[in-house]
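Residue numbers (our numbering), protein chains in the order written: chain R, 1 to 932; chain Z, 933 to 1360. Notes follow the structure.
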Amino acid sequence: MAKITVDGLSYEVNPDNNLLQECLSQGLDLPYFCWHPCMGSVGACRQCAVKTYRDAEDKNGTLVMACMTPASDGAIVSIEDEQASAFRAGVIESLMTSHPHDCPVCEEGGECHLQDMTQMSGHNYRRYDKLKVTHRNQDLGPFLNHEMNRCITCYRCVRFYDDYAGGTDLAAQASHHHTYFGRFEDGTLESEFSGNLAEVCPTGVFTDKPFSEHYTRKWDLQVAPSVCTGCAVGCNTTPGERYGSLRRVVNRYNSEINGYFLCDRGRFGAHYVNTDNRLRSAKDAAGMTLSTEEAEEKLAAVCAQGAIGIGSPRASVEANFALRCLVGEDNYYSGESAQNHEALQWLLSCLEDEAFSCPTIKEMEGADAVLVLGEDVTNTAPRVALALRQSVRSEATRLAAKARIPSWQDAAVRELAQEAQSPLALFSTGATRLDDVASTTLNADPASLLAAAKAVDVRLAGGSPDYDALIPEASSGASKGETMQAVESVCAALIAAQEPLIVCGSHAGVELMRVAASIARTLSALKSAPCALALLPAEDNSVGHAMLVRPQNTLAAALTKLSDGAASAVIIIENDLTRRAPSAAVTAALQAAEQVVVVDHLNTATTRAATLALPSTSFNEYESSRVNYEGRAQLSFQVSQYPSGTKPVEHWLGVDGALHSASLIARCSAEAAGFASLPKILPDALTRVAGLKVPRQSHRYSGRTAMNANVAVNEGKQAVDENSVMAFSMEGALLQQDASVLASPWAPRWSSNQSITKFQAEVGGELKQEQKGVHLLTRSVQSAVVEPDSHVVSGATDPATKGELGVHFVQQIFGSDELSAHSPAIRERLCDAYVALSPPQAASLGATTGDRLVISGTTTELSLVVRTQTPDTVAMIYPGTSAAGESINALDLPHRITLTRAPDQEAGAASLGLAALIVGDAVFSHARAAEE
Amino acid sequence: MSAHAEQRPLTKNIDLKRGPLALKEYEAAGGYAGPRAIAAGLQPNEVLERIKESGLKGRGGAGFPTGLKWSFVPQGPDSEQQKYLVVNADEMEPGTFKDRLLMEGDPHLLIEGMIIAAYTIQASRAFIFLRGEYLLAEKRLAQAIAEARAAGHLGENVFGTGFAFDIVLHTSAGRYICGEETALLNALEGKRANPRAKPPFPQVSGLWGKPTIVNNVETLCNLPGIIANGVEWYQSLGSGGDFGTKLFGVSGRVKTPGCWELPFGVSIREVIEGYGGGMQEGYRLKAFLPGGGSTDFLTPDHLDTPLTYGAIGELGSRLATGTMILLDDQTCPVGMIGNLMKFFAHESCGFCTPCRDGLPWVDAIFRDLEEGKGAHKDIAILQDHVGYLGPGKTFCALAPGATAPLGSGLKLFADEFETHANSGCPYH
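Below, the structure written as C-alpha cells:
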C-alpha cells in the first residue's frame, strides 16, 4: 500500500496501479476515454490530465496523464488544479470539433461516456466554427451500426477488437484527424465478440443494431439482473424491456465470470423471446387453443393418471425441481442426450473431487499453460475462448515484471513481449478460432486425439517410458512424429507452469473428459495442489438438471418406458426431444404415449407432438436459477411481466410452494441432494433499506402514466410482485443505498456503463455488494478413476473400408444453441448444415466448397466445406438446417458414412448459406468469393 | 571564408562535383580506422568511455549526450543478447537536408560510424530507416553496404574481430512522424507509425522489444573522427560547451543557400552572411528559425549569437538540427507559419487528441486569416493552442514542436496577425 494526496486529502492506494485507476477506485471523478480497466493505459486521449507536485514546496506542479503515471507512494496530486481542469476542458473541445452533436438521434444518448465526460470537464461553449471532418460509414453486418462521424478517436475499439479479442478485420486506418476505424471494406465483423464494441466505444460509433430497430433510451428500459442462457458459462447480463418486448441485452459486471465482456451469442441471442415462434397459448392435441382453466383441468387429469417427467438442461432449477416433485424422483428423467448425460455424470463427480479445482473465467485468464482437449470453446462456451486468449499473455506479464514495466502499460507490455506467449495447446479434430494464439495444435481424428491425450497423461506421470506406443502409427491427421512432438511440448509446458489449466467439455465426449481429468489428477499430484480442470457442459442449466436426475434415469429409459407402454403419460418441460435422441425413438415414444404434456415457451417439433401444450415463460419473464459449469448457482431475476396466457413451468405444475420462488428454493434445498446451499442465492430481504424493494425502472423512467393510454386512459395500478425483492416500479431502494441487486449501474455524473467503477471495491475488482451466486457442490471425495474406452469414440474408422469416413460433429456459435438460433440477428449469421472434408477427400469426390453432398443410404444433404486442417478419414458435420431446408437430427446419422455428390447441381455452385460461416481455417474467404 | 573550414571530419570526403568515394578510396583517405582500432583490441567499454568523454551530443535535434544514451543499454550475461542499432535517416524536418548530404556524399562514413556504435552496444544488426524520397541516398548506401559486405567489413566476422554485424537498409513509406524514434520503431515493425510511451525507453525495450539504440545519421558520422583522432582533438573543435563540428544549413532568400560543416560556436551572422552570402538584393532579414521547422523564431538582433545548444537555448529557441529557415521582409510571416502548421497538422499520426484535433483547427484558422475570413477571436484561439499543444500535454514532441514557430510568431508578428484578422493577407 502507498499513500497519496489528492487535492489535499490522503488516500491509501495500490502503487502497482496507475493514478487514474486509483483515483477512480477512491470514488473520485476524473474523466478518461482511452483507458479501460481490462485493457490498461496507452495515453492516447489525454483526458485524464492531473497535476503532480514534487513536494510540498512545489507550487507549480507538472501536468501528467494520470493513466500513464504510477500511483507511487507520497505522490501529491491535484485533479481540481485550474490548469489541469482547463486542459481537460480543452481536450473535450478538441474532441468535439468534428463530433456531430447528434445526441437526440444517437442510440448512445443518455448512456454516453462522451456526454458524461463533456459535462464533467466543464466544456460547454463551442468555439470551433470551421468545417467538420466527415466519414463514410460501413455496413458491419447484423449486429452493429457504424457511425464514424461520432468518433473521438480513442482507439478503444481496435484495442479491444484486435489486441484483446484477437480480431483481424477492424483497424485504425489513415492518420491525423482523418483516422478511421473500420474494415477494409463493408462486411460482417468476423469476431465472435464484436458486440462488445457497443459497450467499449465511449460514444455512438458502434451501437447495437437489433436494439436500434426498436430503440428505447436507457432510462426507459425496465431492467433486472439476469444470467445468459446461451451456454454453460452463465455470464451475467442485463436485459432491458419496454412495452413487453425485450429490447437488448448488455453485459452485467461480474468479477469472477464475464467481467466486462460478453460473446455475440449472449448479447444478440436473447431476442428469440420476441419472435412469433413463441408458444403463447395452451393447445390440445388437435392444436385448438385452450383457456388457462381448461388447460389446467386437462393437466390435472394427466397428473391423476400418473405420468413420468422429462426434464431439461435449458429449464431452470425450479422448473426441473417442480417437475420432479410432481412426478416423483423415480419418474423424473433426464432430458439430455445419452452422450451428454454420461458426460454430466462424470462432470459432477469431478466437481466433487478434491483433486481438482474448477477455475472461474477470471482464473482462466491467469493460467500460464493451458491444454484444451477436443472442445471447440469458441463455438461452445465463447467467453472461455476469450479468457484463454488472455491466458497466453501471462508470459507478457512475466516479462514486463522482469523489465519493470507496469502491467497496465498496455502498449509497452505488448511491444516488449511481441510474440512471446504462454503455452496454449489445442488438441482438436479440426482447426479452431484460437489456433492463432496456440503454441501447439494437434489436429487428428478423435481416436488419435484420445491416444495423444493419454500419452500426455502417461508421460506426465513419468511411469511408462514407452508412452509413445500409445500413439498409433497411422493417424489421419498429424503424423506420429508430429503427435509425439505435440505431446512432448504439452508435457513440458504443463510441468513448467505455476497455474496449469486443463479444458475439456461434453462436446468432446466423455472419454476425452476422463483423460482430461486424469491429466489434471496427475498434475495435482505433481504439484501437490489441486489442478484447475474446466469441464464444460453444453447448456445453461445442464449441471442443475443433472444434479436432480438419478444417473439411471436416462432419456432412453424414459422413451423405452413410453414405447413399451410401461408409462402412458409424460410431462416434458422446455425440451425438444428431437435434439436429444434419434427421431425414430422419439416418435415411437410420443406416439405410444396416451398423454404427452409439453410445457415450453417455444414451438418445437415436440410441442407439435403434444396432446397438451402449455406455454411457459422465457428466461426474462420469471425469476429462476441456473447452475453453470462450475456448479455455481445464479439467480436470474424477472425483467418483464409474463405475457397473458403464459406461466412459469413451476406454476403450471402447481406443486406445493411453487407459487413462491423462495419457498420452492427452500424445498429444493431440503429435498434435493447437492442443493443445500441454494437459498443463499436469494438476496437477503432483511437487509433491504427500510424494507424497500428494488425498482426495475430507473428514477428517470418516462411515460409511466401514459404508456398504456392507447389501451385505457386511466393510469393502471402498477403490477405487484410478491415473489421477488424487485418491484415493477420506479420507486424503491436507491442504488446508492443498496446495490446488492444491481442491474444497470448509474451514478451521479456517470450515466454510461462506465459508472460500474462506482460500485466496485476497487476498479476491475469485486463489486462492493456483489452477488456471485453460490457454489453448490463441495469437494470431499476422490472420485473413482475410470479408464477411457477408446473403442467407443466416434470418428474412429476402420481404414480397411475405403471411402468411409468417421463422423465428428462440430458446433457453431451461431446455430448450435437451440434458443439463440431463433433470434433474428443471429438468424442472419446462421450457416447451412455442412460437412467439412480435407482437400484430398473433397478432391476424391470431385467436389468443392459449396457443393451439396448426400450421405449414402439417406436423403440427407449437406453443403461441402473444404477445410484444410480436417483429417482425411473424418467428416466434420455441423448439423442444423440443410440448404434445402431439412432440419437434421445429428443423432439420426450413423457413426461412419460415405458421401456422394448430390445429383443435379452445377459444378462449384455455391450455397449462399455458407457465407456466414467463420471457422479457423479460412473457409470464410471461399464462401465470400462464392458469394461474389 | 573563415578559418573554421580547416577541419571537416564529416564532409572532408565530400565533393559534390563527383560521386562518393568508393570503399578503396575511402580507406585510402584513412577510412575505417575506427573498426581497425577495434580489431586491434579496443573494447566496447573503452569506446563507450571515449564517446562519453568526447561530449558528443545527438544531432537529430534533441542534443542528448550520445554516450549516456548508449550506457542505458543493459549489458552483461543476464541481459537480452539481441540488441539493435537503428539509424534515423528519416530526415523530414522542414528546412533540413544535412543527413542527405552525408549519405549521398560519403556513405562509408555512416557505415563506419554504425560499426563503431553497434560494436559498443553489441548490436548484431542495424537498420537504416531512410526517408523514402531519398532515392540517391538509397542507391549510394546500398552500393556502399554491398562493397563493405564484400570486403568483410560487414558480416559474420567484421574486420576479423569475431564481431558479427550487418546492416539492413529500409526505405520509409513516408511520414514525418517516423522521425520520432519510437514511431520509427513501430513503422519498422510494420505497425502504424504511432509513437510509443516512454518509459520504457528503446534502450530497454525497443525494436521487437529488444534493447535498441536509435541514432541520427550525423551523430554516427561523428564517431569515426573521435575514434581515429581522439577526444582531445574532438574537443578542440568547437567552443561554447559543444564539441566537434556540425552541419549548419541556411535556406531562404540568401545569395547562396546551402549546408556547411562548421565547428560549434560559429556565430549565426557568420553562417548567414559569410557562407550564405547574405540576403539577396532587395530583401531584408526579418526573422529566422534557427534549427528547422519546429524551433522558435529569432530576429536579426540575435545574429551575433554563437551556434551552440546552450546559447540558442538561452534565447528561448533550440539549435535542433542546425538548419536555419530565413524569413525576409517580403514574405508573409503569417503565411510562413500557416504553411508549417499545415505540414504539422497533416503529419500528425492521429494518436493523441491535442495534436490530432488541435493542429487542424490551427491550420484552418491560418487558412481563414489568409483569405480574409479570420477574426480577432481566432488569434486568441491560436494563442490558446500554444499552451494546449505544449510540452508534456501531447504524447510526443510533434505538436510541441509546432507550437515553437506558432508561439514565437504570434508574439513577434502580433501586428501582422492583427492586420490579417482585420483585412486578410496584405502580401498578395
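Note that the Cβ used here is the ideal one computed from N, Cα and C, for glycine as well. Predicted, not measured: the structure shown is a model, and the values here were computed from it.
**Request:** Under 8 Å between beta-carbons, which chain B residues line up against residue 1185 of chain Z? List them in chain order, please.
**Result:** The structure shown contains no chain B; the protein chains it does contain are R and Z.
**Item:** Neighbourhood of residue 561 of chain R by C-beta distance below 7 Å, restricted to the same chain and skipping five residues each side
**Value:** 308, 567
**Interface flag, residue 983 of chain Z vs chain R, CB-CB below 8 Å** = no
**Message:** Please tell me whether residue 1067 of chain Z and residue 946 of chain Z are closer than 8 Å, where the distance is taken between their beta carbons.
**Reply:** no
**Request:** Please go through the same chain and pick out, in chain order, the residues whose beta-carbon is closer than 7 Å to the beta-carbon of residue 847 of chain R, but skip the five residues on each side of it.
**Result:** 853, 864, 901
**Message:** Just to confirm the assignment: which complete alpha helix (DSSP H) runs, minimum length 4, are found wholly within the segment 310-338 of chain R?
**Reply:** 317-327
**Message:** In the DSSP output, what is residue 65 of chain R paired with across the bridge?
**Reply:** R/49
**Message:** Between residue 1285 of chain Z and chain R, is the shortest Cβ-Cβ distance under 8 Å, so that the two count as touching?
**Reply:** yes
**Contact set between the segment 537-552 of chain R and chain Z, restricted to residues whose Cβ is under 7 Å from the partner** = none
**Request:** Might you give, ordered along the chain, the residues of its own chain that have their beta carbon closer than 6 Å to the beta carbon of residue 1354 of chain Z, omitting 5 neighbours on each side?
**Result:** none
**Request:** Let me know if residue 1 of chain R comes out buried or exposed under the rule of 16 or more other beta-carbons within 10 Å of its beta-carbon.
**Result:** exposed
**Asked** Quick one, which of R/674, R/626, R/590 has its alpha-carbon nearest residue 540 of chain R's?
**Response** R/626
**Prompt:** What does a CB cutoff of less than 6 Å around residue 33 of chain R pick up in its chain, not counting 5 residues either side in sequence?
**Reply:** 45, 47, 154, 202
**Asked** Roughly how many whole angstroms lie between the Cα atoms of residue 1360 of chain Z and residue 1275 of chain Z?
**Response** 21 Å
**Message:** Can you pull out the residues from the segment 393-425 of chain R whose beta carbon lies closer than 7 Å to at least one beta carbon of chain Z?
**Reply:** 403, 405, 409, 411, 412, 415, 416, 417, 418
**Asked** What are the boundary residues of the beta strand (DSSP E) that residue 1178 of chain Z is part of?
**Response** 1177-1183
**Prompt:** Is any beta-carbon of chain Z found at less than 8 Å from that of residue 955 of chain R?
**Reply:** Any question about residue 955 of chain R goes unanswered here, given that chain R covers just 1 to 932.
**Prompt:** In the DSSP assignment, what are the bridge partners of residue 236 of chain R?
**Reply:** R/227
**Prompt:** Which one of R/43, R/166, R/10, R/896 has the shortest CA to CA distance from residue 434 of chain R?
**Reply:** R/166
**Request:** Could you tell me the distance, in whole angstroms, from the CA atom of residue 467 of chain R to the CA atom of residue 491 of chain R?
**Result:** 12 Å
**Request:** Would you grab the beta carbon distance between residue 738 of chain R and residue 688 of chain R for me? Rounded to a whole angstrom, and I think it's under 8 Å.
**Result:** 7 Å
**Proximity test, Cβ basis, 8 Å: residue 170 of chain R and chain Z** = no
**Request:** Kindly indicate which three-state DSSP category residue 1165 of chain Z falls into: helix, strand or coil?
**Result:** helix
**Message:** Let me see if you follow: with CB-CB separation under 8 Å, is residue 496 of chain R close to chain Z or not?
**Reply:** no
**Item:** Close-in-space but distant-in-sequence residues of the same chain around residue 1344 of chain Z (CB under 8 Å, 5 per side omitted)
**Value:** 1219, 1229, 1231, 1265
**Prompt:** Along chain R, in chain order, which residues have C-beta atoms closer than 9 Å to that of residue 1059 of chain Z?
**Reply:** Near residue 1059 of chain Z there are no residues of chain R at all, since even the closest Cβ is about 16 Å away, more than 9 Å.
**Item:** Span of the alpha helix (DSSP H), counted from its first residue to its last, around residue 1069 of chain Z
**Value:** 1067-1082
**Request:** Note down the Cα distance separating residue 908 of chain R from residue 230 of chain R, rounded to an integer number of angstroms.
**Result:** Because the pLDDT of residue 908 of chain R is 49, which lies under 50, any placement of that residue in the model is unreliable, and the question is left without a value.
**Message:** Tell me the rounded alpha-carbon separation between residue 216 of chain R and residue 483 of chain R.
**Reply:** 54 Å
**Request:** Return the residue from the list R/151, R/128, R/197 that minimises the CA-CA distance to residue 143 of chain R.
**Result:** R/197
**Prompt:** Using Cβ-Cβ distances below 7 Å, what residues of the segment 87-109 of chain R are close to chain Z?
**Reply:** 87, 90, 91, 94, 95, 97
**Request:** With 8 Å as the threshold, decide whether the Cβ of residue 1136 of chain Z is near any Cβ in chain R.
**Result:** yes
**Asked** What is the rounded straight-line gap between the Cα of residue 244 of chain R and the Cα of residue 108 of chain R?
**Response** 22 Å
**Prompt:** From what residue to what residue does the alpha helix (DSSP H) around residue 1354 of chain Z run?
**Reply:** 1346-1355
**Request:** Within 10 angstroms of the Cβ of residue 125 of chain R, are there 16 or more other Cβ atoms? Answer buried if so, exposed if not.
**Result:** exposed
**Asked** When DSSP builds the beta bridges, which residues end up paired with residue 989 of chain Z?
**Response** Z/997
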